[in-house]
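Report on one structure; see the data block that follows.
Protein chains: 2
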Amino acid sequence: MRPQIVLFGDSITAQSFRSGGWGAALADTYTRKADVVVRGYGGYNTRWALFLLNHLFPMGSATPPVATTIFFGANDAALLGRTGERQHVPIEEYRENLRRIVRHLKNCTPTMLIVLITPPPIDELGRLEFARSLYGDKATELPERTNEMAAVYAKQCVELAEELGLPSINLWSKMQKTEGWQKFLSDGLHLTAEGNAIVYEEVVKVFSEAGLSAPNMPYDFPHHSEIDGKNPEKAFQNL
Amino acid sequence: MRPQIVLFGDSITAQSFRSGGWGAALADTYTRKADVVVRGYGGYNTRWALFLLNHLFPMGSATPPVATTIFFGANDAALLGRTGERQHVPIEEYRENLRRIVRHLKNCTPTMLIVLITPPPIDELGRLEFARSLYGDKATELPERTNEMAAVYAKQCVELAEELGLPSINLWSKMQKTEGWQKFLSDGLHLTAEGNAIVYEEVVKVFSEAGLSAPNMPYDFPHHSEIDGKNPEKAFQNL
Chain A
1 MRPQIVLFGD
11 SITAQSFRSG
21 GWGAALADTY
31 TRKADVVVRG
41 YGGYNTRWAL
51 FLLNHLFPMG
61 SATPPVATTI
71 FFGANDAALL
81 GRTGERQHVP
91 IEEYRENLRR
101 IVRHLKNCTP
111 TMLIVLITPP
121 PIDELGRLEF
131 ARSLYGDKAT
141 ELPERTNEMA
151 AVYAKQCVEL
161 AEELGLPSIN
171 LWSKMQKTEG
181 WQKFLSDGLH
191 LTAEGNAIVY
201 EEVVKVFSEA
211 GLSAPNMPYD
221 FPHHSEIDGK
231 NPEKAFQNL
Chain B
1 MRPQIVLFGD
11 SITAQSFRSG
21 GWGAALADTY
31 TRKADVVVRG
41 YGGYNTRWAL
51 FLLNHLFPMG
61 SATPPVATTI
71 FFGANDAALL
81 GRTGERQHVP
91 IEEYRENLRR
101 IVRHLKNCTP
111 TMLIVLITPP
121 PIDELGRLEF
131 ARSLYGDKAT
141 ELPERTNEMA
151 AVYAKQCVEL
161 AEELGLPSIN
171 LWSKMQKTEG
181 WQKFLSDGLH
191 LTAEGNAIVY
201 EEVVKVFSEA
211 GLSAPNMPYD
221 FPHHSEIDGK
231 NPEKAFQNL
């Protein structure tokens, strides 16, 4: 049984196996070494994610994941009084929900590598353009998310990771270090192939620093070059 | 626990989670409905694949896959007396090895949907160009695989599927129905994004015809639009 890496999050995780997606790229990197399992729930915030915990990560599992990314906040940060209001979670509750998710995973297995990922920045103009492309003149003029509010949630996510001694990826901050960072977002919120590449690189970096480096992990079975064409059974005798 | 779809094969399966890959596209299509698990072994032929069967598909598993694609033959068809000779498997043995793989999977669970995929066509000029790009003047002038020989293996694969009453995908034949089919192959053998798209479409079609259609499968948890922002617990009470 090879180890499992679980990607737990909202639509940005759910879409991570699309062409150029960060989840698929991870699965490719860890092929024959670990299984990358997507547990992405479009539209979900941390409050709703709590209902899934016992189902996705049952206590007493014989094979809990070796690593899990927790990537929520984009929906929690939807503004009150705007079209995404239903998804809004107050900032203090967001932090506490993340804490409860981490605690549950640590209870599953204390050795699990847990990585917190902040929401990405919001390109408000990109969001409005996207709304107009969907609804034309009926589109709202007020963005349902702001970059300023995403920053508040990102900050709490990073601070909680520090408090708990966990690695984190500050995507909000990382992306905006690049001039023209809006190119990382396809609709002002979700990721383009270039945005996916950043998440992929950051996750691989954090995993490697934590000892989960694909090049250092063994293949599940012999590499084909180690198989003697005339005596193949020899390569497999110690399985 | 959601159902598992296993992709069992050689490098064409192993690489199926690269950007534009057919495996990643399947994982995206079945997100929240089934897990797509890659079991691709670069360089392997059916003879070597047999050694993995009991490990990858243990008898008596409580959660065997609901579906498995078996996608071998490109290495079995490597020619004797050429650079890939070590991988060669005689045509009669190839067919019998496939039969043993199918029998093992059916013994795991008789209800498993098993789909046989033939090797793709070989673009011999593309193979030679690829060899020259690697080895320059030292590259062999004789291709280690021919399109004619790939046809022989593809035919046996399809005939075995018919004999066993299993669905199959004749990739060798399907690809060559398109003028300029060489564009489907990146090095005369492995798949480009366009080649991956064909495999993806064919697998989705066969899965759907067999009743494993993603649009008809239930989500693992409530869609976010079904969650009442004020009473979220209601949507989750029947889990």
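Here the protein sequences line up with chains A and B, keeping their order. The C-terminal position of the first sequence is numbered 239 in this note's numbering, with every residue numbered one higher than the one before it. The C-terminal position of the second sequence is numbered 239 in this note's numbering, with every residue numbered one higher than the one before it. From the three backbone atoms N, C-alpha and C, an ideal C-beta is built for every residue, glycine too. Note that this is a predicted model, so its numbers are computed, not measured.
Pairwise C-alpha distance: residue j and residue i
{"i": "proline 215 of chain B", "j": "phenylalanine 207 of chain B", "result": "12 Å"}
{"i": "alanine 151 of chain B", "j": "glutamate 162 of chain B", "result": "16 Å"}
{"i": "isoleucine 70 of chain A", "j": "leucine 116 of chain A", "result": "5 Å"}
{"i": "proline 218 of chain B", "j": "proline 3 of chain B", "result": "11 Å"}
{"i": "alanine 27 of chain A", "j": "serine 19 of chain B", "result": "11 Å"}
{"i": "asparagine 238 of chain A", "j": "histidine 55 of chain B", "result": "12 Å"}
{"i": "alanine 14 of chain A", "j": "arginine 47 of chain B", "result": "37 Å"}
{"i": "leucine 105 of chain A", "j": "phenylalanine 130 of chain A", "result": "36 Å"}
{"i": "glutamate 96 of chain B", "j": "tyrosine 153 of chain B", "result": "12 Å"}
{"i": "phenylalanine 57 of chain B", "j": "proline 110 of chain B", "result": "13 Å"}
{"i": "phenylalanine 184 of chain A", "j": "asparagine 170 of chain A", "result": "15 Å"}
{"i": "glutamate 194 of chain A", "j": "glutamine 156 of chain B", "result": "43 Å"}
{"i": "isoleucine 223 of chain B", "j": "leucine 128 of chain B", "result": "Rather than isoleucine, the amino acid found at residue 223 of chain B in this sequence is histidine. Between histidine 223 of chain B and leucine 128 of chain B, the C-alpha separation is close to 51 Å."}
{"i": "phenylalanine 236 of chain A", "j": "lysine 230 of chain A", "result": "13 Å"}
{"i": "valine 36 of chain B", "j": "aspartate 228 of chain B", "result": "31 Å"}
{"i": "glycine 40 of chain B", "j": "aspartate 137 of chain B", "result": "32 Å"}
{"i": "serine 133 of chain A", "j": "glutamate 209 of chain A", "result": "42 Å"}
{"i": "proline 65 of chain B", "j": "valine 38 of chain B", "result": "12 Å"}
Contact with chain B by residue i, beta-carbon distance below 7 Å
{"i": "serine 19 of chain A", "result": "yes"}
{"i": "phenylalanine 221 of chain A", "result": "yes"}
{"i": "isoleucine 198 of chain A", "result": "no"}
Top-ranked residue by Cα proximity to residue i, from the options
{"i": "threonine 146 of chain A", "options": "A/Gly42, A/Leu239, A/Ala62, A/Ala78", "result": "A/Ala78"}
{"i": "glycine 126 of chain A", "options": "A/Pro58, A/Ala197, A/Leu116, A/Ala139", "result": "A/Ala139"}
{"i": "isoleucine 12 of chain A", "options": "A/Tyr135, A/Leu239, A/Gln237, A/Pro119", "result": "A/Pro119"}
{"i": "valine 243 of chain B", "options": "B/Ala34, B/Leu160, B/Val199", "result": "The question about residue 243 of chain B has no answer here: the residues shown for chain B are numbered 1 through 239."}
{"i": "glycine 81 of chain B", "options": "B/Ala154, B/Glu141, B/Asn238", "result": "B/Glu141"}
{"i": "alanine 254 of chain B", "options": "B/Phe221, B/Asn107, B/Leu185", "result": "The shown model of chain B, from 1 to 239, leaves out residue 254 of chain B, and the question about it has no answer."}
{"i": "proline 167 of chain A", "options": "A/Leu128, A/Gly211, A/Asp137", "result": "A/Gly211"}
{"i": "glutamate 226 of chain B", "options": "A/Gly42, A/Trp22, A/Leu7", "result": "A/Gly42"}
{"i": "leucine 52 of chain B", "options": "B/Cys157, B/Ile198, B/Phe8", "result": "B/Phe8"}
{"i": "glutamate 93 of chain A", "options": "A/Pro64, A/Leu134, A/Leu50, A/Ile169", "result": "A/Leu50"}
{"i": "threonine 83 of chain A", "options": "A/Tyr135, A/Gln156, A/Arg100, A/Val38", "result": "A/Tyr135"}
{"i": "cysteine 108 of chain B", "options": "B/Ser61, B/Val36, B/Arg100", "result": "B/Ser61"}
{"i": "glycine 165 of chain A", "options": "A/Arg99, A/Met59, A/Val36", "result": "A/Arg99"}
Proximity test, Cβ basis, 7 Å: residue i and chain A
{"i": "phenylalanine 51 of chain B", "result": "yes"}
{"i": "aspartate 28 of chain B", "result": "yes"}
{"i": "threonine 31 of chain B", "result": "yes"}
{"i": "alanine 24 of chain B", "result": "yes"}
{"i": "tyrosine 44 of chain B", "result": "yes"}
{"i": "phenylalanine 236 of chain B", "result": "yes"}
{"i": "alanine 14 of chain B", "result": "yes"}
{"i": "glycine 229 of chain B", "result": "yes"}
{"i": "histidine 190 of chain B", "result": "no"}
{"i": "proline 232 of chain B", "result": "yes"}
Residues near residue i by beta carbon distance below 7 Å, same chain, minus five either side
{"i": "proline 121 of chain A", "result": "Asn147, Ala150, Trp172, Met175, Gln176, Trp181"}
{"i": "asparagine 45 of chain A", "result": "Phe72, Asn75, Asp76, Gln87, Val89"}
{"i": "glutamate 124 of chain A", "result": "Pro143, Thr146, Asn147, Gly188"}
{"i": "threonine 29 of chain B", "result": "Val204, Ala214"}
{"i": "tryptophan 22 of chain A", "result": "Ser16, Asn196, Val199, Tyr200, Val203"}
{"i": "histidine 190 of chain A", "result": "Ser11, Ile12, Gln15"}
{"i": "isoleucine 91 of chain A", "result": "Val152, Tyr153, Gln156"}
{"i": "serine 186 of chain B", "result": "Thr192"}
{"i": "valine 158 of chain B", "result": "Thr118, Ser168, Asn170"}
{"i": "methionine 59 of chain B", "result": "Asn107, Cys108"}
{"i": "lysine 234 of chain B", "result": "Asp228"}
6 Å Cβ shell around residue i - same chain, five flanking residues per side excluded
{"i": "alanine 67 of chain B", "result": "Ile5, Leu113, Leu212"}
{"i": "arginine 32 of chain B", "result": "Tyr219, Asp220"}
{"i": "glutamate 85 of chain A", "result": "none"}
Cβ shell of residue i (< 8 Å), same chain only, five flanking positions each side left out
{"i": "threonine 63 of chain B", "result": "Met1, Gln4"}
{"i": "threonine 178 of chain B", "result": "Phe184"}
{"i": "alanine 25 of chain A", "result": "Asn196, Ala197, Tyr200"}
{"i": "proline 232 of chain A", "result": "none"}
Within-7 Å CB hit, residue i to chain C
{"i": "histidine 104 of chain A", "result": "Given the protein chain composition of this structure (A and B), no chain C is represented."}
Looking at chain A, which residues of the region 117 to 135 of chain B have a Cβ within less than 8 Å of any of its Cβ atoms? none
So if I threshold CB-CB distances at 9 Å, which residues from the region 83 to 94 of chain A count as touching chain B? Glu85, Arg86, Gln87, His88
Contact list for the region 173 to 188 of chain A against chain B, Cβ threshold 7 Å: Listed in sequence order: no entries.
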